[in-house]
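Notes for the one structure printed next.
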Amino acid sequence: MNYINKYLKIAKDAVIKPSKDIDKKIIDRISHIGKSDEKLLDEKFIDYFKKSNSRLYLTIEKIKNNPGTFMAAAIAVFFIIVFIAFMIKIFSSEEKTGGKNNRSPSSKDDTQQD
Amino acid sequence: MDKYNKGSKYREIDEKVLVAKSKKGDKAAFEELVKQFSKYVYTTAFFILRDTYEAEDASQEVFVKVYLSIKGFRGLSSFKTWIRKLTVNTCIDKLRLRSKIKDKKVSLEKITEEHEIVFTKFSQSLEIGFFNKETVKEVLKIIVNLDESYRIPIILRDLQDYSYREISELTGKPIGTVKTNIHRARKMIKEKLKMYR
Numbered sequence: 001m002n003y004i005n006k007y008l009k010i011a012k013d014a015v016i017k018p019s020k021d022i023d024k025k026i027i028d029r030i031s032h033i034g035k036s037d038e039k040l041l042d043e044k045f046i047d048y049f050k051k052s053n054s055r056l057y058l059t060i061e062k063i064k065n066n067p068g069t070f071m072a073a074a075i076a077v078f079f080i081i082v083f084i085a086f087m088i089k090i091f092s093s094e095e096k097t098g099g100k101n102n103r104s105p106s107s108k109d110d111t112q113q114d
Numbered sequence: 115m116d117k118y119n120k121g122s123k124y125r126e127i128d129e130k131v132l133v134a135k136s137k138k139g140d141k142a143a144f145e146e147l148v149k150q151f152s153k154y155v156y157t158t159a160f161f162i163l164r165d166t167y168e169a170e171d172a173s174q175e176v177f178v179k180v181y182l183s184i185k186g187f188r189g190l191s192s193f194k195t196w197i198r199k200l201t202v203n204t205c206i207d208k209l210r211l212r213s214k215i216k217d218k219k220v221s222l223e224k225i226t227e228e229h230e231i232v233f234t235k236f237s238q239s240l241e242i243g244f245f246n247k248e249t250v251k252e253v254l255k256i257i258v259n260l261d262e263s264y265r266i267p268i269i270l271r272d273l274q275d276y277s278y279r280e281i282s283e284l285t286g287k288p289i290g291t292v293k294t295n296i297h298r299a300r301k302m303i304k305e306k307l308k309m310y311r
């Protein structure tokens, strides 16, 4: 099936050459837009238009379309936060115990010298 | 960055400038956008509708919609993505209307030798030779000739990058059915391509 995917990927960049004057026809149509054309902006279009202009909607769509990627990213972020919290805890406890450990041998040395 | 990526980057900048100018009411800039995207819109419309006149009509409709609403376009997605989804929505609506009115007894066009297929990015790549081009043309011919229940999902998935969920919402079919139909369509393409070879 792999080679089919390869051809389909290439096919994305393929276009059918329309009749020579399609650009002209479209430009001509735009030049003569009347009130009746505004009917084209129906409810469905307005709905699509609002959605395509909403950052929140687009983000939710992205998450819905790639739930696996989103979950992986969320799990990764969670573990990074846990790891950072763990490291902070270790360092802070080391600082406390480290201070005590540093003091006791020096006090021993002091008694030996005496 | 290679030549190809540079080209698409420049096109993207060009596109943003043209959209910005069009939003300010610059008609010449909008006409340039029409020239840049008309082939793309027409092709998508033809693949879905399989009728030259309807595809032309749909293309005009899409650009009228864009012209009337471009001032409110915020540019959160690229212009190409925006116009692509608008084209697909417009064509799917037309397809639904047609199936209601004409009772599916329409003589649908196939891609023939008259339909010249060109590759937008293709010509820049020397790796892709004549054989590949011809095979891609053949693949497109097979897709256009597929039944609607297979054609629409595979076009949306493989040519338009829609997710299974989006296709399911658009066609009103369960995700499982969409996945099955796409898988079957790919299988059909593979089998028909073997015959062609």
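In order, the protein sequence lines correspond to chains A and B.
Residue 87 in the numbering used here sits at position 87 of the first sequence, and the numbers go up by one each step.
Residue 162 in the numbering used here sits at position 48 of the second sequence, and the numbers go up by one each step.
All C-beta atoms in this analysis are idealised placements derived from N, C-alpha and C, irrespective of residue type, glycine included.
Rounded separation between residue i and residue j - CA only
i: B/Ser136; j: B/Ser152; result: 16 Å
i: B/Lys306; j: B/Phe160; result: 21 Å
i: A/His32; j: A/Gly68; result: 48 Å
i: A/Asn5; j: B/Gly139; result: 42 Å
i: B/Lys247; j: B/Val258; result: 17 Å
i: A/Ile81; j: A/Glu38; result: 52 Å
i: B/Thr234; j: B/Val148; result: 16 Å
i: A/Asp42; j: B/Met309; result: 46 Å
i: B/Thr249; j: B/Arg300; result: 14 Å
i: A/Lys9; j: B/Thr166; result: 24 Å
i: B/Lys219; j: B/Tyr154; result: Low local confidence applies: a pLDDT of 49 at B/Lys219 is under 50, so the model's placement there is unreliable, with the coordinate-based value given in what follows. If you take the alpha carbons of B/Lys219 and B/Tyr154, they lie about 27 Å apart.
i: B/Ile268; j: B/Ile289; result: 13 Å
i: B/Val253; j: B/Asp128; result: 32 Å
i: B/Ser173; j: B/Gly286; result: 24 Å
i: B/Arg164; j: B/Asp272; result: 18 Å
i: B/Leu240; j: A/Asp47; result: Caution applies to B/Leu240, whose pLDDT of 48 falls short of 50 and renders its modelled position unreliable; the value that the coordinates give is listed next. Spanning the two alpha carbons is a distance of roughly 43 Å.
i: B/Lys293; j: B/Lys185; result: 38 Å
i: A/Phe79; j: B/Gly189; result: 35 Å
i: A/Lys44; j: B/Ser213; result: 19 Å
i: A/Ile27; j: B/Ser192; result: 22 Å
i: A/Ala73; j: A/Ile84; result: 16 Å
i: B/Ser263; j: B/Lys208; result: 15 Å
i: B/Asn302; j: B/Glu175; result: Note that residue 302 of chain B is Met in the sequence shown, not Asn. Going from the Cα of B/Met302 to the Cα of B/Glu175 covers about 33 Å.
i: A/Asp114; j: A/Val77; result: Summary for A/Asp114: the model assigns pLDDT 47, below 50, so the residue's position carries little reliability, and this model does not support an answer.
Beta-carbon gap between residue i and residue j smaller than 8 Å
i: B/Cys205; j: B/Ile256; result: no
i: B/Leu284; j: B/Leu270; result: yes
i: A/Lys64; j: B/Arg279; result: yes
i: A/Ile30; j: B/Glu170; result: no
i: B/Arg198; j: B/Thr158; result: yes
i: B/Val202; j: A/Leu40; result: no
i: A/Ile16; j: B/Tyr276; result: no
i: B/Val133; j: B/Phe187; result: yes
Whole-number beta carbon distance between residue j and residue i, since they are thought to touch under 8 Å
i: A/Phe49; j: B/Ser183; result: 6 Å
i: A/Ala14; j: B/Ile231; result: 5 Å
Residues sharing a beta bridge with residue i, DSSP
i: B/Phe233; result: A/Ala14
Contacting positions in the segment 189-204 of chain B - beta carbon closer than 8 Å to chain A: Listed in sequence order: Leu190, Ser191, Trp196, Lys199, Leu200, Asn203.
Short-range partners of chain B found in the segment 9-34 of chain A, where Cβ spacing is below 7 Å: Contact annotation: in the segment 9-34 of chain A, residues whose CB is within less than 7 Å of a CB in chain B are Ile10, Ala11, Lys12, Asp13, Ala14, Val15, Ile16, Lys17, Pro18, Ile22, Asp23, Lys25, Ile26, Ile27, Arg29, Ile30, Ile33.
What residues in the segment 283-301 of chain B bring their beta carbon closer than 7 Å to a beta carbon of chain A? Listed by position, the residues of the segment 283-301 of chain B near chain A (Cβ gap below 7 Å) are Arg300.
Got a sec: which bits of the segment 51-67 of chain A sit with their beta carbon under 7 Å from any beta carbon on chain B, in order along the chain? Near chain B, meaning a CB-to-CB distance below 7 Å, the residues of the segment 51-67 of chain A are Ser52, Asn53, Arg55, Leu58, Lys64, Asn65.
Give the residues from the segment 174-185 of chain B that approach chain A closer than 8 Å (Cβ to any Cβ), ordered along the chain. If the cut-off is 8 Å between Cβ atoms, the segment 174-185 of chain B has Gln174, Glu175, Phe177, Val178, Lys179, Tyr181, Leu182, Ser183 near chain A.
Between the segment 149-172 of chain B and chain A, which residues of the former have CB atoms less than 7 Å from a CB of the latter, in chain order? Those would be Lys149, Ser152, Lys153, Tyr154, Tyr156, Thr157, Phe160, Glu170, in chain order.
For the segment 250-261 of chain B, list every residue whose C-beta sits within 7 Å of some C-beta in chain A, in sequence order. Flagged, chain order: Val250, Val253, Leu254.
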